[in-house]
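Adding 15 to a residue's 1-based position in the sequence shown gives its number in our numbering. This report refers to the structure that appears directly beneath it.
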Amino acid sequence: QEANQTMNSITVLAALLLAIIAVVCAQEQYYDDNYSNDNLYHDYAMRQEDKQVGGQEGGTPWLKMAAALSVGWFVGGKYHCGKLQKKMSSKFKKEQKDLYTQYYSDVYTLKEQNAHLVDALEQMGVKVR
């Protein structure tokens, strides 16, 4: 029985060793297939060389930054001014509506007062109309 257990252990270890070898071989083949033509560093080096030849040594593009800042400032100003204009417009319309309501109310009360005064004068015998 001990010999049987030893044989089983050896079989398990052999299977494990074969599995590990298969995985390592597969990884090497994957690396060889996918990274053999990798020229990322070569592209980077060429771009750096082109920058130096062109006179631009990787400095900060101040003109682009200033243009982006100006455009952002302008667009933000338009947006916030639009919000403020809508707010002020609605406030002005509300105040104007209240003013017109008050005006029509005052005109109506004045007409009523004039009618009462005309009636009172006619009762006293004064001809108004």
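Beta carbons: idealized from backbone N, C-alpha and C, even for Gly. The structure displayed is predicted, hence computed values, not measured ones.
Can you list, in chain order, the residues of its chain whose CB lies under 7 Å from that of leucine 136, leaving out five sequence neighbours each side? Val143
Determine the DSSP secondary structure at valine 133, reduced to helix, strand or coil. helix
Looking at the C-beta of glutamine 67, does it have a partner C-beta in chain C at a distance below 8 Å? Protein chain content of the structure displayed is limited to a single chain, and chain C is not contained in it.
Valine 143 lies in the alpha helix (DSSP H); which residues open and close that run? Neither: valine 143 is in no alpha helix (DSSP H) and is coded neither H nor E.
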